[in-house]
Amino acid sequence: MDRCSIFFVINVYILSNLLIGIIKDLEQIIMLNIKTGTGGMFV
Numbered sequence: 008m009d010r011c012s013i014f015f016v017i018n019v020y021i022l023s024n025l026l027i028g029i030i031k032d033l034e035q036i037i038m039l040n041i042k043t044g045t046g047g048m049f050v
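Straight run, no breaks: the sequence shown in the numbering used here ends on number 50.
Take a look at the structure:
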């Protein structure tokens, strides 16, 4: 593996972790909104 492919793999790994974190945060916000009955994005 050359340096470019290693760099690419690291970038994909970091981006996928960030996306998973964002999706989990959004799920928590949506669940809170459903429980409290508010439609807005109040955190």
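Idealized CB from N, CA, C, for every residue including glycine.
Note that the structure is predicted; figures quoted are calculated from it, not measured.
* To do: Look at the alpha carbon of N24 and the alpha carbon of F14, and state the distance between them as a whole number of angstroms.
  => 16 Å
* To do: Output the distance between the C-alpha atoms of Y20 and Q35, rounded to the nearest integer angstrom.
  => 23 Å
* **Three-state secondary structure assigned by DSSP to D9** => coil
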